[in-house]
Amino acid sequence: IHEVIKGADLVFVTYGLGGGVGTGGGPIVAEAARDAGALTVGVVTKPFSFEGAQRMRIAEEGLIWLKDKVDTLITIPNDKLLSVVDRNTSLLDAFKVADDILRQGVQGISDIIVTPGIVNVDFADLKAIMQEAGSALMGIGRAQGDDRAAEAARQAINSPLLEASIEGAKGVIFNVSGGLDLTMLEINEAAKIITESIDPQAKVIFGAVTDDKLKKGEIKITVIAAGFGENARKDEATAKLPLEEKISARMKKPVFTTTQVSGSGEDTSQDEWDIPAFIRKKMK
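Note that UniProt numbering has the sequence shown beginning at 1, numbered continuously upward.
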């Protein structure tokens, strides 16, 4: 693990909670990444309710373990996906949607710093929001038509994927994806709607990229909101630093490399190996 993540500035640890491979191994990977000095972001899904109480209990315990190992943790309950998929969606397709949500969470963050676009973001700014941020929320909105930017922004901040409101967030990252016809006015409209929903003193960074995979005339907005009071001690400590230390910290901009560690393909068998080792030991 240490060899794989060596030299990475940003590591994503992403998987579906509740099984043995991801739930048991994810926190180990995350801890190794943070020990190596990488900004470590967890993007995980919780099981569908129909997967059973035991799997959900394992997921909840695994979530507590992971939270202490990452800088930022985005958790998406699979049950929330039921409100965004068609009623006739098959079970197999539902799990594919869950995996795709994980991808969108990772891509929404990585695109604004590694994908050449209209507006790109400095890694130091991203780190300022996501380092030791604790729990975070992610929302996604898509729209077409004359009012597409405003509509996509409203969808993102009111997304069914959000477990709570983004109100009170101390840091927000939003990424606007569109075609070559994406305008600055549209980005401004989206930004206004998003910033009106958060703390007035919140730090906001945004990116804008072109995406030829979108439908013609479509715009997609991904919003990541973090810092819901959990990083208050970090903020207070930073505020007390001498001015020269703050300036020095801002001047340190590492060469950016990324490593993605993915474990979304959970073992779905129901035998003992579906239970993470740290829980099996408790049961013996």
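Idealized CB from N, CA, C, for every residue including glycine.
Here the structure is a predicted model, which means the values were calculated and not measured.
To the nearest angstrom, how far is the alpha carbon of residue i from that of residue j?
i	j	result
T210	I112	11 Å
E51	G16	12 Å
A53	K46	12 Å
A127	A59	Note that residue 127 is Lys in the sequence shown here, rather than Ala. Distance between the alpha carbons of K127 and A59 is about 27 Å.
S49	R55	9 Å
V43	V84	19 Å
G134	W65	13 Å
M184	Q104	23 Å
A124	T89	41 Å
A150	S159	14 Å
residue 299	L161	The structure shown does not extend to residue 299, since the chain is modelled only from 1 to 284, so the question has no answer here.
L101	V13	Residue identity check: residue 101 is Ile in the sequence provided, not Leu. Going by the C-alpha atoms only, they are around 14 Å apart.
E3	A36	10 Å
L10	S197	28 Å
D86	A152	20 Å
G26	V41	11 Å
V106	V97	14 Å
F95	A164	23 Å
R142	R148	8 Å
D99	L91	13 Å
Beta carbon of residue i, beta carbon of residue j: below 8 Å?
i	j	result
L81	A225	no
I166	V119	no
Q144	D71	no
I205	I129	yes
Using CA atoms only, rank isn't needed, just tell me which of the options is closest to residue i.
i	options	result
R154	D100, A164 and I140	I140
T115	E163, D71, N175 and E61	N175
E189	K203, S159, A202 and D146	D146
A8	L39, G19, G207 and K67	L39
F228	G207, V106 and K203	K203
G217	L182, I194, K192 and G22	L182
T23	R57, V97 and V11	R57
G19	G168, G62 and I187	G62
Where do the ends of the beta strand (DSSP E) carrying residue i lie?
i	result
T45	L39 to K46
T23	Run containing T23: none in the beta strand (DSSP E); it sits in the alpha helix (DSSP H), V21 to D35.
T222	I219 to A226
I205	K203 to T210
V176	G171 to G178
V13	L10 to G16
In the DSSP assignment, find the alpha helix (DSSP H) that holds residue i and state where it starts and stops.
i	result
F123	F123 to M130
F95	L91 to V114
G145	Careful: G145 lies outside any alpha helix (DSSP H) and carries neither H nor E.
N188	M184 to T195
G62	A53 to K67
V70	Premise fails: V70 is in no alpha helix (DSSP H) and is neither H nor E.
E167	E167 -> no alpha helix (DSSP H), and no H or E assigned at all.
V84	Taken as a continuous stretch (DSSP letters only), V84 belongs to no alpha helix (DSSP H), as it is neither H nor E.
Please check the pair residue i and residue j, which I expect to be a contact at CB under 8 Å, by giving their CB distance rounded to whole angstroms.
i	j	result
S177	K220	4 Å
D199	K170	6 Å
K6	A30	Not confirmed; about 15 Å, so no contact.
A32	I1	5 Å
T208	G117	The identity of residue 208 in the sequence shown is Ala, whereas the question assumes Thr. Indeed they touch by this definition, with Cβ atoms about 6 Å apart.
I109	I173	7 Å
I157	I194	6 Å
Is residue i near the ligand ATP, in the sense that its beta carbon is under 7 Å from a heavy atom of that ligand?
i	result
D181	Within the structure as shown, the ligand ATP is missing, as the structure has no ligands at all.
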